[in-house]
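Asks: Residue numbers (the numbering used here): 4 to 311. Before anything else, here's the structure in question.
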Amino acid sequence: MGFATVAAYAPDGVTALGLGVVGELFGGFDFAVCGARPGPVRTDLGLRLPVEHGLERLAAADLVLSLPGDAFRTPPPEAVADAFRAAHERGAIVAAHCVGVFGLAAAGLLDGRRATTHWRFAEELAARHPGVRITADELYVDEGRVLTGAGAAAGIDLGLHLIRREHGPARANAIAREMVTPPHREGGQAQYVSAPVPADGEDERLAGVLGWARGHLDRRLSIDELAARALMSRRTFARRFKAATGGSPHAWLQAQRLDLAEELLVTTTLPIEEIARRTGYGSAALLRERFVDRRKVSPRAYRRTWSG
């Protein structure tokens with residue numbers, strides 16, 4: 004189940020951050036970086052990266068990644084575009100984040116599909132490739148065997164989503180812990196377009212309240228209680244909360260409860276009723292309803308799929 008081999012195409016001027024992200028995410032798989040041909044590839048830092056593999060690795064990989072680079076406005080060599088198309092046609096998963104998405108668009112793999120990229124380049128992507136349905140507010144977009152992510156750190160969100168989808172939440176959560184990053188971020192990239200610099204201690208208090216709430220998901224948590232713990236009015240709390248997370252406290256709590264339910268389903272043998280209690284749903288029926296809304300399967304079916 005899931006992909007086993009991963010090949011990341013590094014274009015000229017490949018971003019060092021993009022390389023680091025995919026290396027951390029997929030280093031535990033059969034992972035390789037490849038170029039249009041074996042040999043040194045320039046990074047955006049001016050360093051030369053020795054690349055041992057050419058496009059033959061794309062031809063054999065279960066997951067093919069198009070990495071971002073500073074020369075993204077130049078279409079990839081036709082041989083690279085052909086390799087992307089061939090990988091998709093034979094059933095591989097093809098993914099990219101940030102301006103690496105331009106490579107998949109140039110290969111025609113995004114025509115008629117929803118896609119995202121770094122918010123700064125969304126309009127340019129739309130102008131260059133009008134057949135792509137741009138959703139610039141998303142951190143990542145899953146179109147089955149073609150996935151795209153927003154800028155820079157959203158490559159982590161995209162990769163963890165792929166690992167969760169193909170290999171289950173336990174493996175994705177373990178990798179997230181190693182990277183010291185949340186296994187799933189709520190909200191879209193709009194919250195990062197213009198983030199104000201904190202002028203006081205309110206953001207620190209908010210972070211403390213979120214940490215406390217994660218440890219007390221078995222309780223009925225009201226906005227008034229959370230606001231009081233943050234020493235804010237309800238209105239100020241809601242405003243600062245949305246600025247920090249991109250969503251409402253209710254949506255955030257719902258996501259935290261379901262994240263915990265998924266982890267308990269996979270990593271424990273607790274009865275569904277007990278998991279419902281620990282996640283604040285109170286009844287197995289309510290947990291099932293919320294769980295099916297998110298994953299389209301019941302908690303028991305999810306456990307059977309991922310706990311073995």
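Each residue gets a CB set at the ideal place from its N, CA and C atoms; glycine is no exception. All values derive from a computational prediction rather than experimental measurement.
Who does serine 69 pair with in a DSSP beta bridge?
Replies: As a working mapping, residue 69 is identified with position 66 in the sequence shown. DSSP output for serine 69 lists Tyr12 and Ala99 as bridge partner(s).
Asks: Taking 8 Å as the threshold (C-beta atoms), are histidine 132 and alanine 95 in contact?
Replies: Translated into the one-based positions of the sequence shown, residue 95 becomes position 92. Translated into the one-based positions of the sequence shown, residue 132 becomes position 129. The criterion of a C-beta distance shorter than 8 Å is not satisfied by alanine 95 and histidine 132.
Asks: For the region 62-80 against the region 4-18, do three or more pairs of beta-carbon atoms, one drawn from each stretch, fall closer than 8 Å, so that the two count as touching?
Replies: Output reads yes: the region 4-18 touches the region 62-80.
Asks: Assuming phenylalanine 328 is part of the alpha helix (DSSP H), what are its boundary residues?
Replies: No statement about residue 328 is possible, as the shown extent of the chain runs from 4 to 311 and does not include it.
Asks: Taking C-beta to C-beta, are alanine 99 and glycine 106 nearer than 8 Å?
Replies: Start at 1 with the first residue of the sequence shown, and residue 99 comes out as number 96. Start at 1 with the first residue of the sequence shown, and residue 106 comes out as number 103. Yes; because the gap between Cβ atoms is below 8 Å, this pair is in contact.
Asks: Taking proline 71 and cysteine 101 to be in contact with their CB atoms under 8 Å, please state how far apart those CB atoms are, rounded to whole angstroms.
Replies: For the purposes of this step, residue 71 is identified with residue 68 of the sequence shown, where counting begins at 1. For the purposes of this step, residue 101 is identified with residue 98 of the sequence shown, where counting begins at 1. Right, the Cβ-Cβ distance comes to about 4 Å (below 8 Å), so this counts as a contact.
Asks: Measure how close the beta-carbons of alanine 173 and tryptophan 309 come, nearest whole angstrom, since I'm counting them as under 8 Å.
Replies: Working through the sequence shown from its first residue, we reach residue 173 at position 170. Working through the sequence shown from its first residue, we reach residue 309 at position 306. Their Cβ separation, rounded to whole angstroms, is 7 Å, which keeps alanine 173 and tryptophan 309 in contact under 8 Å.
Asks: Mind checking which residues open and close the alpha helix (DSSP H) that includes phenylalanine 34?
Replies: Stepping through the sequence shown from its first residue, residue 34 is reached at position 31. Note, phenylalanine 34: premise wrong, no alpha helix (DSSP H); beta strand (DSSP E) at 33-37.
Asks: Given this structure, state the Cα-to-Cα distance separating aspartate 145 from threonine 248, to the nearest angstrom.
Replies: Taking the first residue of the sequence shown as 1, we reach residue 145 at position 142. Taking the first residue of the sequence shown as 1, we reach residue 248 at position 245. In a straight line, the C-alpha of aspartate 145 is about 21 Å away from that of threonine 248.
Asks: Out of curiosity, what's the CA-to-CA distance linking leucine 273 and valine 104?
Replies: Position 270 of the sequence shown, counted from the first residue, corresponds to residue 273. Position 101 of the sequence shown, counted from the first residue, corresponds to residue 104. When the Cα atoms are used, leucine 273 and valine 104 turn out to be separated by approximately 42 Å.
Asks: Alpha carbon to alpha carbon, how far is leucine 261 from leucine 290? Give it in angstroms, no decimals.
Replies: By 1-based counting over the sequence shown, the position of residue 290 is 287. By 1-based counting over the sequence shown, the position of residue 261 is 258. Between leucine 290 and leucine 261, the C-alpha separation is close to 8 Å.
Asks: According to DSSP, is alanine 173 helix, strand or coil?
Replies: As a first step, residue 173 is located in the sequence shown; it is residue number 170 there, counting from the start. Three-state DSSP puts alanine 173 in a helix.
Asks: Threonine 184 and threonine 151: beta carbons closer than 8 Å?
Replies: Numbered from its first residue, the sequence shown carries residue 184 at position 181. Numbered from its first residue, the sequence shown carries residue 151 at position 148. No; because the gap between Cβ atoms is not below 8 Å, this pair is not in contact.
Asks: Does histidine 219 pass the burial test, meaning 16 or more other C-beta atoms within 10 Å, or should it be called exposed?
Replies: Within the sequence shown, the letter at position 216 stands for residue 219. When all chains shown are included, histidine 219 counts as exposed.
Asks: What residue does the beta strand (DSSP E) around threonine 184 start on, and which one ends it?
Replies: Translated into positions along the sequence shown, residue 184 becomes position 181. Threonine 184 -> no beta strand (DSSP E), and no H or E assigned at all.
Asks: Leaving aside the five residues before and after phenylalanine 29 along the sequence, list all residues of the same chain whose C-beta is less than 6 Å from its C-beta, in chain order.
Replies: As a position in the sequence shown, residue 29 is number 26, starting the count at 1. Around phenylalanine 29: Val9.
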